[in-house]
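For what it's worth, this note's numbering labels the leading residue of the sequence shown as 16, then goes sequentially. For glycine and all other residues, C-beta sits at the position ideal for the given N, C-alpha and C. Everything on this sheet refers to the single structure shown next.
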Amino acid sequence: MPVTADLLLANATVLTMDPARPRARSVAIAGGRVLALGADPSGMDGVDAREVADVGGATVLPGFHDAHNHMAWFGLSLSEADLRPEAAPTLRDLYEAVTAQAVATGPDGWVVGSGYDQNKLEAHPDRDGLDRAAPGRRVWLRHTSGHMCVVSTAVLADLGLADRPADVPGGKVVTDAAGRPTGLLQEKAQELVGSLVHPYPLSVVADAIDQAGLRYLSEGITSVTEAGIGGGWIGHTPVELAAYQSARDTGRLRVRVELMIASDALHDLSAHPGDGIELGLDLGIRTGFGDDWLRIGAMKIFTDGSLVGRTAAMHEDYAGTPGDRGYLQADAGELTATIIAAHRSGWQVAAHAIGDRAIDLVLDAYAAAQQRYPRADARHRIEHFAVSRPDQVGRAAALGVVPVPQGRFATELGDGMLAALGDRRRDWLYRQRSLLEAGLTLPGSSDRPVVAGAPLLGVHDMVNRRTATGAPFNAAEAVPAYEALRAYTSGSAYASHAEDSRGILAPGRLADLVVLSEDPTAVSPDSIAGISVLATFVDGECRYDSSGSSALT
Ligand SMILES: [Zn+2]
16 MPVTADLLLA NATVLTMDPA RPRARSVAIA GGRVLALGAD PSGMDGVDAR
66 EVADVGGATV LPGFHDAHNH MAWFGLSLSE ADLRPEAAPT LRDLYEAVTA
116 QAVATGPDGW VVGSGYDQNK LEAHPDRDGL DRAAPGRRVW LRHTSGHMCV
166 VSTAVLADLG LADRPADVPG GKVVTDAAGR PTGLLQEKAQ ELVGSLVHPY
216 PLSVVADAID QAGLRYLSEG ITSVTEAGIG GGWIGHTPVE LAAYQSARDT
266 GRLRVRVELM IASDALHDLS AHPGDGIELG LDLGIRTGFG DDWLRIGAMK
316 IFTDGSLVGR TAAMHEDYAG TPGDRGYLQA DAGELTATII AAHRSGWQVA
366 AHAIGDRAID LVLDAYAAAQ QRYPRADARH RIEHFAVSRP DQVGRAAALG
416 VVPVPQGRFA TELGDGMLAA LGDRRRDWLY RQRSLLEAGL TLPGSSDRPV
466 VAGAPLLGVH DMVNRRTATG APFNAAEAVP AYEALRAYTS GSAYASHAED
516 SRGILAPGRL ADLVVLSEDP TAVSPDSIAG ISVLATFVDG ECRYDSSGSS
566 ALT
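Pasting the structure below:
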């Protein structure tokens, strides 16, 4: 008796990402899972299909998984003033965009913009410029890194900071030489603005999730890890998970989502001392809770800031700014204690660490946690792992840590990063190849909306490693296209403890897949970014079709 598939994708170049069977020519799908793979482009023996889609030789891969992105933030940014360098290349353009956004926003509404990078402008925008661009208005512009923002005088006045400086632990209210705040708020000082605008209504966050998901499908993304909800300057509302549930209930959760929980949202749980649960969410909910569509991921903890913003914690000074080594976002002992408590309580930990000093702190904390409370396969992560000495790579490998770097940073932020580091540390920047050589798993991620999030752009940069001005971006760390694709599929699945259900195409795995116009491993490296996404399937169903028709299903 032949088995019956819901759908057969025929005449395909299938890159399964499964080392046991790397290539196939057809894929049969049943019940939202991969039923079988065939070597024959026209089908396979013993499998009948209710529907056959001839993809005309196109390339089929497992759906892309962005291992570090900010989904609600990205969705919200779609309706804000676009201040990315390509949209507002000069300060003058930026202020004009602020004026236009002010006109488009009701007179009492906040004028919000995002994506500016002072490295591409002459300087950070400031309160005086914002006051001229939108007189009397509350203006809030977020830096592309998310680690700082600039506000107008009206916002400073709401905070009582119009004429006086203030000390904020783990952050900075930046002032001019005369001690007057410039409007620039770094790191934890951003929470001051948060106190004025948060919590966002759930409906607004759910809409943002919907809008973001539609874009993701058009780029071949079928899973994302959201890198921090529910607290700190990264969260939008303490009940943020409810926005994802609501999106799902109303059919607007377009891709599978794993939610990292901001460390501020975790608290003491008063469990039995013998349980070893020191820290968590109410009811003891922790990493792994949920299902294939919506699941709790790691605890996200920020240990330092941004490299292009020069707030990341380094052992040595930033190039050109003597005495400036960035800073930690909290007391080192406090950060370490939180990481150890979360580990002990059963959480996967995802620590944001950019500078080599912050990376040392996190590696020390993971080592101490495992020594005191050994736990198999914890897969603690280091988000970004941006500036790492060779010994830190070895140590991460020995501890089974998953570093999570971002490929697209090369083009969009690379010049600013090279300038911040100077010559001596350039070889330490955003490693990939040396991570693989050390036996580490490499996930694929964007940190969207910090930079563009389309996975093929990420893959392009992971292979080409050039900055916007064409400078090599630690080119020795480039990887072949196949490894970059592996990162965005099975590598990201591993970082989420999800490799048993997704990340490769094999019988029984989720039928999440993307159809590409060309095979990224077979084109010249500089044309990878030009490959088109033809269709995206989640759960065996076509959720995006570039032709606008249902020709593929
Ligand atoms: Zn991030």
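With a threshold of 6 angstroms (Cβ to nearest heavy atom), would residue i be considered close to ligand 1?
i, result
"A373", "no"
"D462", "yes"
"A383", "no"
"A242", "yes"
Around the C-beta of residue i, are 16 or more other C-beta atoms found within 10 angstroms, so that it is buried, or is it exposed?
i, result
"L211", "exposed"
"M16", "exposed"
"G437", "exposed"
"T197", "buried"
"V118", "exposed"
"H282", "exposed"
"A51", "buried"
"T8", "Residue 8 cannot be examined here, being either before or after the span of the chain that is shown, 16 to 568."
"Q363", "buried"
"A227", "buried"
"S562", "exposed"
"G53", "buried"
"P77", "buried"
"P140", "buried"
"A193", "exposed"
"V530", "buried"
"D222", "buried"
"A491", "exposed"
"V408", "buried"
"D346", "exposed"
"E66", "exposed"
"T31", "buried"
"H213", "exposed"
"G301", "One point to set straight first is that residue 301 is Arg, not Gly, in the sequence displayed. So R301 counts as buried."
Leaving out five residues on either side along the sequence, give the residues of the same chain with a beta carbon under 8 angstroms from the beta carbon of residue i.
i, result
"A510", "A82, T240, R394, R396, V417, V419, T456 and P458"
"V402", "L322, A327, M329, I369, G370, D371, I374, L436, R440, W443 and L444"
"G429", "R481, T482, A483, A486 and F488"
"E137", "T105 and L106"
"L343", "G185, T318, D319, A328, L350, R372, A373 and L376"
"P495", "V478 and T536"
"A434", "N134, A334 and G335"
"R38", "T28, V29, L30 and T31"
Quick one: residues in its chain with C-beta nearer than 6 angstroms to the C-beta of residue i, no 5 flanking neighbours on either side, listed in chain order?
i, result
"R534", "The question names Arg, yet the displayed sequence has Asp at residue 534. Cβ neighbours of D534 beyond the five flanking positions: T28 and T74."
"E255", "I244 and G245"
"L22", "I44 and E66"
"M163", "Q201 and G324"
Could you check whether the Cβ of residue i sits closer than 6 angstroms to any heavy atom belonging to ligand 3?
i, result
"L91", "Absent from the structure shown: ligand 3. Ligands present: ligand 1."
Is the Cβ of residue i closer than 7 angstroms to any Cβ of chain D?
i, result
"S261", "Among the chains in the structure shown there is no chain D, since it carries only a single protein chain."
Could you name the residues of the same chain whose beta carbon sits closer than 7 angstroms to that of residue i, not counting the 5 residues immediately before and after it, in chain order?
i, result
"A382", "L414"
"N489", "R441, D442, L444, Y445 and R480"
"V465", "T159, S160 and G161"
"A454", "The sequence given here has Gly at residue 454, not Ala. Cβ neighbours of G454 beyond the five flanking positions: A412."
"P100", "D132 and K135"
"D339", "R325, D332 and Y333"
"L98", "L109, A112, G128, S129, G130, Y131 and L156"
"A526", "I44, G47, R48, V49, F552, D554 and G555"
At least three beta-carbon pairs within less than 8 angstroms, the segment 225 to 233 to the segment 550 to 562: Yes: the two stretches touch, three or more of their Cβ pairs being nearer than 8 angstroms.
4-residue-minimum alpha helix (DSSP H) runs that sit fully inside the segment 492 to 551, ordered along the chain: Fully enclosed alpha helix (DSSP H) runs of 4 or longer: 496 to 501 and 507 to 510.
Length-filtered (4 minimum) alpha helix (DSSP H) runs lying within the segment 103 to 172: DSSP runs (the alpha helix (DSSP H)) wholly in the segment 103 to 172: 106 to 119 and 142 to 148.
Segment contact flag, the segment 519 to 526 with the segment 199 to 207, C-beta cutoff 8 angstroms, min 3 pairs: Verdict: no, contact absent.
Three or more C-beta pairs below 8 angstroms linking the segment 307 to 322 and the segment 266 to 275: Touching, yes.
At least 3 beta-carbon pairs within less than 8 angstroms: the segment 103 to 120 vs the segment 141 to 152: Segment contact: the segment 103 to 120 against the segment 141 to 152, three or more CB-CB distances shorter than 8 angstroms; contact assigned.
Validate contact between the segment 82 to 101 and the segment 124 to 135 using beta carbons, cut 8 angstroms, 3 pairs: The segment 82 to 101, when compared against the segment 124 to 135, does touch it at the 8 angstroms Cβ threshold.
Continuous alpha helix (DSSP H) assignments of at least 4 residues falling wholly in the segment 354 to 410: The segment 354 to 410 contains these whole alpha helix (DSSP H) runs: 371 to 387.
Every unbroken beta strand (DSSP E) within the segment 256 to 340, with a cutoff of 3 residues, ordered by chain: The qualifying runs are 271 to 277 and 309 to 317.
Uninterrupted beta strand (DSSP E) stretches inside the segment 194 to 264 (no shorter than 3 residues): Along the length of the segment 194 to 264, whole beta strand (DSSP E) runs at least 3 residues long occupy 196 to 202 and 236 to 244, reported in chain order.
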